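Colleague: Be aware that the sequence shown starts at 628, since it is given in this note's numbering, and climbs by one per residue.
Think of the CB as a built atom: it goes at the ideal place given N, C-alpha and C, for glycine as much as any other residue.
A quick note: this is a predicted structure, and the numbers were derived from the prediction, not measured.
Handing you this structure, nothing more for now.
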Amino acid sequence: IFFSGNGPSGICLSYLLSGYTPYFKRHSLHPNPILQRKLEEAPEVSVLDQDLEYLSEGLEGRSHSPVALLLDALQRPDTDFGGTAESVLTWWHEPDRAIPHLVLGRNPPGGAWHSIEGSMVTLSRGEWMGLPDLPFKEWLKQKRRGLRNNRATAEDIAQYYQHYVMKKGLQKNFRCGTVVTSVRKVSAESISNHTQKDLQEDSGSLWNSNEPSAEVFQVDGFFKTVEGDKEPFSIHAENVVLATGTYDNPTWLGVKGENLSYVHHQLSALEEAVKNNSVGIMSDPVLIVGAGLTAADAILFAHHCNIPVIHVFRRRVGDPGLIFNQLPKMMYPEYHKVHQMMKEQTAVCAGPYECYISLPEHHVLSFGKDKKCILQDKNGCQKAYKISVALVLTGSIPNLSFLPNDGIDLAMDSDQPVNPKRNPIDVDPFTYECTQEKGLYALGPLAGDNFVRFVQGGALAVASSLLKKANKNPP
């Protein structure tokens, strides 16, 4: 089994496929009496081997995935109500149930968390960032650190994920510095006996299933060596898990001049510009496009450095769909401050915040070579602004160029590109196997699960399905 992506989804799945097995902890009491009764019916049977649809039936919460809600409820029984009840799971290591697998990723284990500016504070509460059987808070205590506002920095999270892989002995399954260029189906017969022999030696029982598949996946790509060379590889696997996330492929507006050198699509560009003094207190304003949390992080960073900002976004400030209108003020004071600035500091009414102008219900028409940007409001009025740098921070989409037709055929709406929020990959909710391609699985944002807290349920579903295929589920 091969999976592309070594972020939290990939790490959690590797843990489950390495023989770590969850059981209901005897004598523990879950606050949900119906779930408690179901768990007591077969405490000697691993959760992986039970009927996930039956266990998750009737659960409600902040995810659309029943299995995500199930594992979250088992690990953090009353967390949404501010409770601190202990997990009702106990984990046993059963090495004979392990399934050979390989986890490929560009970064060290933790994926995109290594690309995020280290001091950024996570949106989710720290305890929601943890993986099974190693609470994040406990790990942080060992570092003699506490959580600010119950939240952690991106650097903490990246280090925790690396530590997790080492602590659980998963590193033999991980290959970092790899780029996948193609995943496609080929007939098993077309692969030479020599290749099959090599693979059997390399990865144990990968080919030893009871019913050899007529088709397998061929995964091509390259390793980046220490010297900077690219070393090609080609792997064959009966099952492939897509867990690539979306961080490294930002959305473009599609307007004229967007490819000019002063227009950027990642927050790190602003940090770089401040470092090399190309923007500062006296420079023309920085244009920030977008009304999500990354745009808010850019505004906070610019505000901290006293850099003037023009903030452009399409929605109304009071739009219930705006993320700021969904966050508790007490837990997210800095985002609440940005929201306040957006409301009080519009171009038509000067507010208390210097160096910041909010332009709701506006959009960018074009960027000029002279660093002039043309904006248009909801009434069609246009205005030019002289800027120093533009940051287009309107979200990101997955880069699935390694799949046939960019993976569009796998999406819920197969006429549109895959989008984590609007058009995720169509998967079976209890196995996470793609409905359009058997043997191919999708996890995390690709399947519509956008929070670390909930991607783990998808990993549980995939592991349960793969164990059944490999006949490693006890009867």
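Hey, how far is the Cα of N1032 from the Cα of P693?
Modeller: If you take the alpha carbons of N1032 and P693, they lie about 30 Å apart.
Colleague: What's the gap between the Cα of T973 and the Cα of K1010?
Modeller: Distance between the alpha carbons of T973 and K1010 is about 15 Å.
Colleague: Can you check the segment 957-1027 for any alpha helix (DSSP H) of at least 4 residues that lies completely inside it and give the ranges in chain order?
Modeller: The segment 957-1027 contains these whole alpha helix (DSSP H) runs: 960-971.
Colleague: Could you tell me which of H863, I638 and A695 sits nearest to D794, measuring between CA atoms?
Modeller: The sequence given here has Lys at residue 794, not Asp. Ranking the options by Cα distance to K794, first place goes to I638.
Colleague: Helix, strand or coil for Q845? Go by DSSP, reduced to three states.
Modeller: If DSSP states are grouped into helix, strand and coil, Q845 belongs with the strands.
Colleague: On a CA-only basis, which of S895, V890, N903 and E961 is nearest V916? Give me that one, please.
Modeller: Of S895, V890, N903 and E961, the residue nearest in Cα terms is V890.
Colleague: Thinking just about the alpha-carbon of each residue, which of N933, G685 and H691 is nearest to the one in S910?
Modeller: If we check each option's Cα against that of S910, N933 comes out closest.
Colleague: Between which two residues does the alpha helix (DSSP H) containing Y650 stretch?
Modeller: Here Y650 belongs to no alpha helix (DSSP H); instead the beta strand (DSSP E) covers Y647 to F651.
Colleague: Does the Cβ-Cβ distance between T921 and L887 come in under 7 Å?
Modeller: Taking 7 Å as the Cβ cut-off, T921 and L887 do not qualify as a contacting pair.
Colleague: Determine the direct distance from the alpha carbon of G1022 to that of L750, and round the result to whole angstroms.
Modeller: Only weak support exists for where L750 lies, its pLDDT of 49 falling under 50; the value from the coordinates is given anyway. About 15 Å.
Colleague: Strictly by DSSP, which residues pair up with E858?
Modeller: Paired residue(s): F850.
Colleague: With 16 other CB atoms within 10 Å as the buried threshold, where does T648 fall?
Modeller: Counting Cβ neighbours within 10 Å, T648 comes out buried, since at least 16 surround it.
Colleague: Find the nearest neighbour of N1077 within the set G872, L1087 and C1000, judged by alpha-carbon distance.
Modeller: For the residues G872, L1087 and C1000, the minimum Cα distance to N1077 belongs to G872.
Colleague: Work out the CA separation of K956 and F940 for me, nearest whole Å.
Modeller: Near 21 Å, if we compare the C-alpha coordinates of K956 and F940.
Colleague: Select from K970, N866 and G995 the residue whose C-alpha is nearest the C-alpha of G884.
Modeller: Taking only the C-alpha atoms, the option nearest G884 is G995.
Colleague: How long is the line joining the alpha carbons of Y1012 and L1002, rounded to whole angstroms?
Modeller: Those two C-alpha atoms are separated by around 8 Å.
Colleague: Give every residue of the same chain whose Cβ lies closer than 7 Å to the Cβ of D1055, excluding the five residues on either side of it in the sequence, and list them in chain order.
Modeller: Within the same chain, D1055 has close Cβ partners T1062.
Colleague: Quick one: measure Cβ to Cβ for V913 and L986, integer angstroms, because I've assumed they're closer than 8 Å.
Modeller: Not quite, the Cβ-Cβ distance comes to about 13 Å (not below 8 Å), so this is no contact.
Colleague: Go through its chain and collect everything with a Cβ distance to P1047's Cβ below 8 Å, but skip five positions before and after it.
Modeller: So the qualifying residues of the chain are T873, I1024, P1025, P1072, L1073, G1075 and N1077.
Colleague: Helix, strand or coil for W766, going by three-state DSSP, please let me know.
Modeller: In this structure, W766 counts as helix in the three-state DSSP scheme.
Colleague: Let's see if you can read the secondary structure: which residues bound the alpha helix (DSSP H) around F1081?
Modeller: V1079 to K1096 is the span of the alpha helix (DSSP H), which, as asked, contains F1081.
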